[in-house]
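Residues -22 to -1, 1 to 437 in mature numbering (1 follows the signal peptide of the UniProt record, and there is no 0) are what the sequence shown lists, from first letter to last.
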Amino acid sequence: MAVHSLIPFLLSLSSLLPTISSSSTASPVIGINYGQVANNLPTPAEVLPLVRSVGAGRLKLYDTDPTVLRAFAGTNIEFVVGLPDQLVPKIRDPAAALSWIKTNLQPHIPRTKITAVTIGNEILSGNNTLLIQSLIPAIQSVHSALVSLNLDRQVAVTTAHSLTILSTSYPPSAGAFRRDLLPYISPLINFLNKTGSPFLINAYPFFAYKADPKRVSLDYVLFEPSVGVVDSGTGLRYRNMLHAQVDAVVTAIAAAGGGKTVEVRVSETGWPSAGDEDEVGATLENARRYNGNLMKMVAEGKGTPMQPRSPLQVYVFALFNENMKPGPASERHYGLFKPDGTLAYDIGVSAPAVNSTTSGGDDGIGRGDENSPLFGSTSPGSYYTVYSAVMRYHEMKRHRDSRHSPLDIDCSELDHEHIILYSDWSSRSDKFIMDFYKEQMNEVLPDGKRREFFNVDDW
């Protein structure tokens, strides 16, 4: 194994110590949208090792598919589930909301970690008057039902928006909501403030680049090094468009009376790996750069220029290419994975086979081979699976021994290939040291091979 491939991981992880010690809601773990508008996807049980291979700690569904929620039971992966648009008018009725929760959420809690439910998707951007008028009452009914079941502290209620709810998005300091939507957005913000629920935004720099590729810098939208743009209202410099879009929403919320206490999360963002001839920028290389750089930024716990100390929570769109999605070709090419479970492009990890026997209930890393992210990968991004495991086991074994650092990880219960991750903090040298070693150095694994043993102290 090329140990130099883990150096970026160790350096980035050492800088994340304060963040990792915080609650799971603030931890810098990537989320992914798990859409299923396709007829050729692997089963949910086969999806679990794929999710872990890219270090994802959160998934977002557009429904409450019970086969998915059961497959991930017993894992520590957080779920945002969705109530479909067509049910929103019905759910205004408190009795209907209670029945829906008892049928679709309660049977899976607590084994499946459901942390939020979105009521519809981009409703305020549409022209369906019934849906728009039903949105806030439906949100309130679902929340009241959760309160009656003592689930309101575990499950937040919110809805997702497109950026078209803004009348002004540039510069970020001038961000403002459309006036015709304020009668709906203002009570929503008030609800989110009272309940501590997040404001969700679907943000796609790809659309801005596709619309005006001559004026929009490709490096700027792909998180590549660039001079960026300076907000004349604040003097803040933006190095990427996604942060500018998010801060425009932050400003709009404050202007609508929400202050700065409502957390903004990116519920969708991504880049297509292919598209129609007129879809400028929809290429495999651009998708690789966008999502690879995005995942790195999230792993580093970076916030936006307006909120630099608040790690931005992001859900990549999407887990798979979905062959039955309508619209332009790009809509069917947003996936990190192809339906056969192979990566759509190289993002620095190796995908396990979709016929893996890994199932829910084992919060380990998942079985792999010498080409997995844990063994043998020399890609600079190969640390994501290890990083995800660190996050999970930190929650399990926090503060086990006061002689060690606040980030104290004991993975003795992890029996897959007998991998142990352990950290120690040397106060004398003020140096973060992480040892990766085999529990049984001489063990012969089922495939008859021996894994390489190494210790970072030997570098």
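From the three backbone atoms N, C-alpha and C, an ideal C-beta is built for every residue, glycine too.
{"Asked": "Those residues which DSSP pairs with L37 across a bridge", "Found": "I10, F57"}
{"Asked": "In DSSP terms, what K303 is bridged to", "Found": "Its beta-bridge partners do not exist; DSSP assigns none."}
{"Asked": "Given 8 Å, three or more beta-carbon pairs between the segment 182 to 191 and the segment 154 to 165", "Found": "no"}
{"Asked": "Rounded separation between I101 and F155 - CA only", "Found": "15 Å"}
{"Asked": "D225, buried or exposed, once every other Cβ within 10 Å from all chains shown has been counted against 16", "Found": "buried"}
{"Asked": "V24 - containing alpha helix (DSSP H), residue span", "Found": "Before going on, a small fix: residue 24 reads as Glu here, not Val. It spans 22 to 31 - the alpha helix (DSSP H) in which E24 sits, taken as one unbroken run."}
{"Asked": "Euclidean distance between Cα positions of H311 and N301", "Found": "8 Å"}
{"Asked": "Helix, strand or coil at Q132 [DSSP, three-state]", "Found": "coil"}
{"Asked": "Pairwise C-alpha distance: G153 and A233", "Found": "8 Å"}
{"Asked": "Exposed unless 16 or more other CB atoms sit within 10 angstroms - verdict on D408", "Found": "At D408, the pLDDT of 28 sits below 50, so the modelled position is not reliable; the number obtained from the coordinates is stated separately. D408 is exposed by the Cβ-count criterion."}
{"Asked": "C-beta atoms of T239 and L272 nearer than 8 Å", "Found": "no"}
{"Asked": "CA nearest to the CA of G326, picked from S308, P289, R266", "Found": "R266"}
{"Asked": "Option nearest L159 by Cα separation, candidates Y198, Q111, V58", "Found": "Q111"}
{"Asked": "Contact set for V120: own chain, Cβ-Cβ below 8 Å, skip 5 residues either direction", "Found": "L61, I69, A75, W78, I79, V95, I97, V135"}
{"Asked": "The segment 186 to 195 touching the segment 124 to 131, judged by at least three CB pairs closer than 8 Å", "Found": "no"}
{"Asked": "Span separating the alpha-carbon of T146 from that of I8", "Found": "28 Å"}
{"Asked": "Residue from N299, N218, V207 with nearest C-alpha to M275", "Found": "N218"}
{"Asked": "Residue from D63, S308, V59, L108 whose Cα sits closest to the Cα of T93", "Found": "V59"}
{"Asked": "Beta-ladder partner(s) of S138, from DSSP", "Found": "A small fix is needed here, since residue 138 is Ala in this sequence, not Ser. In the DSSP output, where bridge partners are listed per residue, A138 has N99, L178."}
{"Asked": "Pairwise C-alpha distance: L83 and A252", "Found": "36 Å"}
{"Asked": "Nearest residue (CA-CA) to N99, options K91, L113, K316", "Found": "L113"}
{"Asked": "Rounded C-alpha distance that separates A260 from I143", "Found": "25 Å"}
{"Asked": "Backbone CA spacing between M374 and V292 [nearest angstrom]", "Found": "Residue confidence for M374 is low, a pLDDT of 39 falling below 50, so the modelled location carries little weight and cannot support an answer."}
{"Asked": "Where G206 falls: helix, strand or coil (DSSP)", "Found": "coil"}
{"Asked": "Same chain, Cβ closer than 8 Å to residue 462, five either side skipped, listed in chain order", "Found": "Any property of residue 462 remains undetermined from this structure, which presents the chain solely from -22 to 437."}
{"Asked": "Residue from P20, P304, L214, Q118 with nearest C-alpha to P150", "Found": "L214"}
{"Asked": "Span of the beta strand (DSSP E) around E246", "Found": "242 to 247"}
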